[in-house]
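In this note's numbering, the protein residues as written are 5 to 574. Each residue gets a CB set at the ideal place from its N, CA and C atoms; glycine is no exception. These numbers were taken from a predicted model, which means no experiment stands behind them. What follows is a single structure, written as structure tokens, with notes after it.
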Amino acid sequence: MRCVVVERLDRPRVSRMRVAPQDTVVYEVHVKGLTAHPSSNATFGGTFRSAREKIPYLLDLGVTTVELLPVHYCGEREMPKRKDPLTGKPLVNYWGYQPIGFFAPDAWYAVGDGPGSQITEFREMIDAFHEAGIEVILDVVFNHSAEQGEKEPALSFRGIDNLIYYYVGADGKYRDMTGCGNTLQCSHPVMSDLILDCLRYWVAEFDVDGFRFDLACILNRDRDGLLSADSPLVQRIEEDPLLRNVKIIAEPWDLAGGYQVGGFGRGRWAEWNGRYRDDMRRFWRGDAGAKGDFARRITGSPDLYQHNGRTPQHSINFITAHDGFTLHDLVSYNRKHNEANGENNRDGADENYSWNCGEEGETDDPIIQALRLRLQKSYIATLFCSLGVPMLLSGDEFNRTKLGNNNAYCQDNELSWLDWRLVEKNADLFRFCKETIRFRKANPVFSRTAFFTGQPKKTGQNPDLLWYSAAGKDVDWASGELAIACRIDGSENIGVALYMLFNPTTEPVTFIIPPGEWRIRLNTARTSPYDICGVEQSKRVAGGERVMAGQKAMIVLDSVDAPPTFPLSE
């Protein structure tokens, strides 16, 4: 049975969530990976139904929006040409980036085996998230299909009209701009209509809250495969009346040289900011010349978005995502370790801007472990103290590892599943992440919808943002000095001024604090619970005093003469 038409069933509707972009905190997660591990204690592990059981956890963490890896119907799950080098068994298309049924939730995630069970269970999952106040965004793949290369069997589009649905060269071979064997011809009117109909279906039938478009530059390629700045399809998605209130997010690149970070679509399109990921990693690794790009990224990437009237909320900020290292692996490996994928470690990105803190892979050395934990906290604090929309990779809040595999697309096993025992084992990191999210929400300056100007808002006030050297002087952006600090004026943050210190070096750096009375609210060099403190527990510092930031540490101070904010959740 290849297709099933299911009777449309009326059901009581739960109002679809509408979290403002500036208030959004995204949690990227795989439906199966969320509850497949035995430690999840889920009733039906790895399913739409069991995803609902993690809602209390997500609420406690503080996320507003879950972004699900593809849930539309995938082609064959087993990959007979890919073998586990240890067992010889076929690997599995775990991530699901091989779509064939764009309009159908995948039965792989359903408990029931009757026709249409996956539809009912997917609807129930969406409703449960909405009842809890959490949005659901779908990762959608309209750039290629599971039919792969021209020598593979015809499953759907190829048998209907090969030249309409795919880019086919004069030699009859597919033009592969996705790295997956084929490229869908999104510029063709038939394919464009199919994509619009599909998006409308997920919104109208299931009330999803938005979409993240995989390799979205393919949507901007014309009938000849040339990249345009703003294709008719991209405009239609932005202007469609049924889609007008959902979030639309582009992964603004493809595998044929397309890279449109900062220039994808018009006013409604947000973007996965790949520049943010790379520049933050380079800065905290201690790369020379990285501090200027760091300053631009943490302030919303004005160099990318301000020129065309966009706001910081057009930048989806992330340090890690499903394709790449986890946060644990980012500070534990200098190189990828993808041998388990059966491709002799040839797959996956070679440059990850990572640093193993002195030893490759897992270690029992307490000094290295402490340094890695500190660097993870500095990454998390940077993410949630940046202008723009933060996206957290599932499991990064409790030290999840994929053992250095940066392309675990075929690993349907404990390498990919969330091990919930780690929440308790790494309770200090989980607490820090949760409280940092709360700190972000308590300080509205991080959610501002306008870029900083470096000028005072009113005569007699301080500039909205100023950058300093560790010595409290103007920053020499061309110098080799890596440690920097910034002051955000209280007029931008309900009267609460902030002073943030960043030391990406491997040596302690002493910072001179500007005039005023301050409290040290966050210090990634401290151990829990002193790494992030409430008002009453915070150490006070006077202007002119010196504060030492440990190696790879970030410190945030707020002004004492402001109303108290951010009580600890305990």
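Legend entry - Span separating the alpha-carbon of G548 from that of A475: 10 Å
Legend entry - Residues that M83 bridges to, as DSSP identifies them: L95
Inset, instruction - Would you give the residue range spanned by the beta strand (DSSP E) that F455 belongs to? - result: Looking at the DSSP string, F455 is not in any beta strand (DSSP E), and its letter there is neither H nor E.
Inset, instruction - Would you mind stating whether P512 and M552 have Cβ atoms separated by less than 8 Å? - result: yes
Legend entry - Per-residue burial, F570 [other beta carbons within 10 Å of its own, 16 or more giving buried]: In this prediction, F570 has a pLDDT of 38, which is less than 50 and means its spatial position is unreliable; nothing more can be read from the coordinates.
Legend entry - Supposed contact pair L334 and R285 - C-beta distance, whole angstroms, cut 8 Å: 7 Å
Legend entry - G176 (DSSP reduced to helix, strand or coil): coil
Inset, instruction - Let me know the secondary structure DSSP gives T514 once reduced to three states. - result: strand
Legend entry - Residues that M395 bridges to, as DSSP identifies them: V30, F322
Legend entry - Opening and closing residue of the beta strand (DSSP E) in which A557 lies: 557-563
Legend entry - Terminal residues of the beta strand (DSSP E) in which G273 lies: Strictly speaking, residue 273 in this sequence is Trp, with Gly absent from that position. 273-276 is the extent of the beta strand (DSSP E) around W273.
Legend entry - Unbroken stretches of the beta strand (DSSP E), 3 residues or longer, contained in the region 338-398: 393-397
Inset, instruction - With a 10 Å radius around its C-beta and 16 neighbouring C-beta atoms as the bar for buried, classify C7 as buried or exposed. - result: exposed
Inset, instruction - Given a cut-off of 8 Å, decide if D165 and D218 are closer than it, judged by their beta-carbon atoms. - result: no
Inset, instruction - Alpha carbon to alpha carbon, how far is V207 from V18? Give it in angstroms, no decimals. - result: 13 Å
Inset, instruction - Leaving out five residues on either side along the sequence, give the residues of the same chain with a beta carbon under 6 Å from the beta carbon of V1. - result: Because the chain is modelled from 5 through 574, residue 1 falls outside the range shown and cannot be assessed.
Inset, instruction - Measure the beta-carbon distance from I104 to S149 and round it to whole angstroms, keeping in mind my assumption that it falls under 8 Å. - result: 6 Å
Legend entry - Close Cβ partners of I59 (< 6 Å) along its chain, the five nearest in sequence each way excluded: A136
Inset, instruction - Check whether the Cβ atoms of K340 and G399 sit closer than 8 Å, and answer yes or no. - result: no
Legend entry - Cβ separation of F268 and C202, assumed to be a contact under 8 Å, to the nearest whole Å: Contact doesn't hold; Cβ gap of about 20 Å is too wide.
Inset, instruction - Please go through the same chain and pick out, in chain order, the residues whose beta-carbon is closer than 6 Å to the beta-carbon of M129, but skip the five residues on each side of it. - result: F52, A55, R56
Legend entry - the region 269-283 / the region 304-318 touching (three or more Cβ pairs under 8 Å): yes
Inset, instruction - Determine the extent of the alpha helix (DSSP H) in which H332 is found, giving its start and end residues. - result: 331-334
Inset, instruction - Can you tell me which of H332, A344, A412, I123 puts its alpha carbon nearest to the alpha carbon of R209? - result: A quick correction: the sequence has Glu, not Arg, at residue 209. Nearest option by C-alpha distance: I123.
Legend entry - Inter-residue Cα distance where the pair is N186 and T514: 55 Å
Inset, instruction - Using 10 angstroms around the beta-carbon of A174, count the other beta-carbons present and answer buried if the total reaches 16, otherwise exposed. - result: exposed
Inset, instruction - Tell me whether A254 sits in a helix, a strand or coil according to DSSP, three-state version. - result: strand
Inset, instruction - Run the CB neighbour count on G262, radius 10 Å, all protein chains shown included, and call it buried at 16 or more, exposed below. - result: buried
Legend entry - Simplified DSSP state of P460, which is helix, strand or coil: strand
Inset, instruction - Name the two residues that bound the continuous alpha helix (DSSP H) containing N166. - result: 161-169
Inset, instruction - Could you spell out the range, first to last residue, of the alpha helix (DSSP H) harbouring R435? - result: 431-446
Inset, instruction - Give the C-beta separation of N224 and T182 to the nearest angstrom, bearing in mind that I take them to be a contact with Cβ-Cβ under 8 Å. - result: Rounded, the Cβ-Cβ distance is 14 Å, inconsistent with contact.
Inset, instruction - Determine contact between the region 410-426 and the region 92-101, defined as no fewer than three beta-carbon pairs at a distance below 8 Å. - result: yes
Inset, instruction - For D283, I'd like the list of residues in its chain whose CB is within less than 8 Å of its CB, leaving aside the five on either flank, ordered along the chain. - result: A294, D297, F298, R300, R301
Inset, instruction - If I'm right that Y337 touches G362 with Cβ under 8 Å, what's the distance once you round it to whole angstroms? - result: Not really, about 12 Å apart at Cβ, beyond 8 Å.
Legend entry - Where G118 falls: helix, strand or coil (DSSP): coil
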